[in-house]
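Asks: Just so you know, we're using this note's numbering here: the sequence shown kicks off at 7 and counts up by one.
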Amino acid sequence: ALLLESEEIKRKNPPFNYAQKLWDRNFCIFTFIDQQGYIHLAIERYNRKKEMLRIFPAYLEARQYLTEKMLDFNLCAKLCHLQEVKKMCYNVAEKICYGACAGLESSEEYNMRAEEAITSFQDDLSTYFIIGKGRHEKEHSAIYVEHGHYLGFGFFDTDYFEGDYSALKEVIKWRPDTPDVQRILNLYLLRHSGEKRIVNNHTIII
């Protein structure tokens with residue numbers, strides 16, 4: 007229902023919608039390049055004008071995710087905007103950061119790891135179906151997400167469905183993927199931990 011509502015809001019563009027304003031409270035990770043040529047990663051409230059790498063329902067969740075990437079790829083805490091310091095970040099002393107924040111590492115060398123981290127953002131996104139209730143007792147709904155991108159939803163009769171992963175795709179009706187849809191899905195997965203999710207022909211509980 008929320009996915010349809012978001013789609014209708016986009017189509018009709020009403021001047022005010024309180025529910026849509028609630029989604030704007032989420033946070034995103036985005037990237038930019040500074041004047042010295044270094045890639046930055048930063049957390050900010052959702053902004054439709056910026057290209058986002060990932061969307062999170064809470065700041066702490068976004069910060070934890072970015073911190074993990076910083077550690078995994080030896081990125082600079084200052085360039086990830088996780089430490090507010092005037093000169094070099096504290097991670098240089100711990101040899102986590104190689105000194106990009108102090109000019110000790112070239113932008114070319116640093117950006118190679120930063121780009122690998124950005125690529126990993128997409129690798130973390132999986133392909134799956136979210137199985138929920140349908141419009142009547144013998145029907146289920148299916149939301150399809152492929153490599154992190156929402157492709158649409160549909161309904162299927164449980165009496166005729168034999169668990170074929172590929173056949174389930176046939177009931178999906180394509181719908182546009184938008185930042186609002188991504189936020190809805192993120193929040194849904196967090197708040198509905200008992201829903202069934204089908205991944206690669208296996209049904210798991212999230």
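Don't be surprised by glycine CBs; every beta carbon is placed ideally from N, CA and C.
Quantities reported herein were computed from a predicted structural model and do not represent experimental measurements.
(1) Taking DSSP's pairing of strands, which residues face I190 in a bridge?
(2) With burial defined as no fewer than 16 other Cβ atoms inside 10 Å of the residue's Cβ, what is the status of F38: buried or exposed?
(3) Rounding to the nearest angstrom, what Cα-Cα distance links E145 and C86 in this structure?
(4) Given 7 angstroms as the limit, tell me if H153 has its C-beta closer than that to any heavy atom belonging to the ligand COA.
(5) Distance, Cα to Cα, I102 vs Q70?
(6) Buried or exposed for Y96, please, with buried defined as at least 16 other CB atoms from any protein chain shown within 10 angstroms of its CB.
(7) So, at 6 angstroms on beta carbons, what are the nonlocal neighbours of H155 in its own chain, with the 5 sequence-adjacent residues on each side left out?
(8) Look at the alpha carbon of L66 and the alpha carbon of D163, and state the distance between them as a whole number of angstroms.
(9) The beta strand (DSSP E) that contains A148, what's its start and end?
(10) Is R119 near F62, with beta carbons less than 8 angstroms apart?
(11) Relative to the C-alpha of H46, which residue among F33, Y52, E100 and A83 is closest?
(12) Sort I136, F33 and M94 by Cα distance to A48 and report the nearest one.
(13) Within 10 angstroms of its Cβ, does G160 collect 16 or more other Cβ (buried), or is it exposed?
(14) Pick helix, strand or coil for I35, following the three-state DSSP scheme.
(15) Which residue or residues does DSSP assign as beta-bridge partners of D78?
(16) Just list the residues that DSSP pairs K179 with in beta bridges.
(17) Per DSSP, what are the beta-bridge partners of M58 in this structure?
(18) Please classify R141 as buried or exposed, where buried requires at least 16 other C-beta atoms within 10 Å of its C-beta.
(19) Does the distance from the CB of I35 to the CB of R51 come in under 8 angstroms?
Replies: The short version:
(1) I190 is not bridged by DSSP to any residue.
(2) Its Cβ having fewer than 16 others within 10 Å, F38 is exposed.
(3) Approximately 46 angstroms, taken between the alpha carbons.
(4) Only the bare structure without any ligand can be found here, which leaves the ligand COA out of the picture.
(5) Rounded to whole angstroms, the separation of the alpha carbons of Q70 and I102 is 16 angstroms.
(6) By the 10 Å Cβ count, Y96 comes out exposed.
(7) Closer than 6 angstroms at Cβ, skipping near neighbours: D183.
(8) Taking the straight line joining both Cα atoms gives about 40 angstroms.
(9) Looking at the DSSP string, the run of the beta strand (DSSP E) that includes A148 is E145 to E152.
(10) For R119 and F62, no; Cβs fall outside 8 angstroms.
(11) The residue with the shortest Cα to Cα distance from H46 is A83.
(12) For A48, the nearest C-alpha among the options comes from F33.
(13) Buried, since its Cβ has 16 or more Cβ neighbours within 10 Å.
(14) I35 carries a strand assignment under DSSP once its states are collapsed to helix, strand and coil.
(15) Under DSSP, D78 shares a beta bridge with no residue.
(16) Paired residue(s): F159.
(17) The partner list for M58 (beta bridge, DSSP) reads F36.
(18) The residue is exposed, with fewer than 16 neighbouring Cβ atoms inside 10 Å.
(19) Going by C-beta atoms, I35 is not nearer than 8 angstroms to R51.
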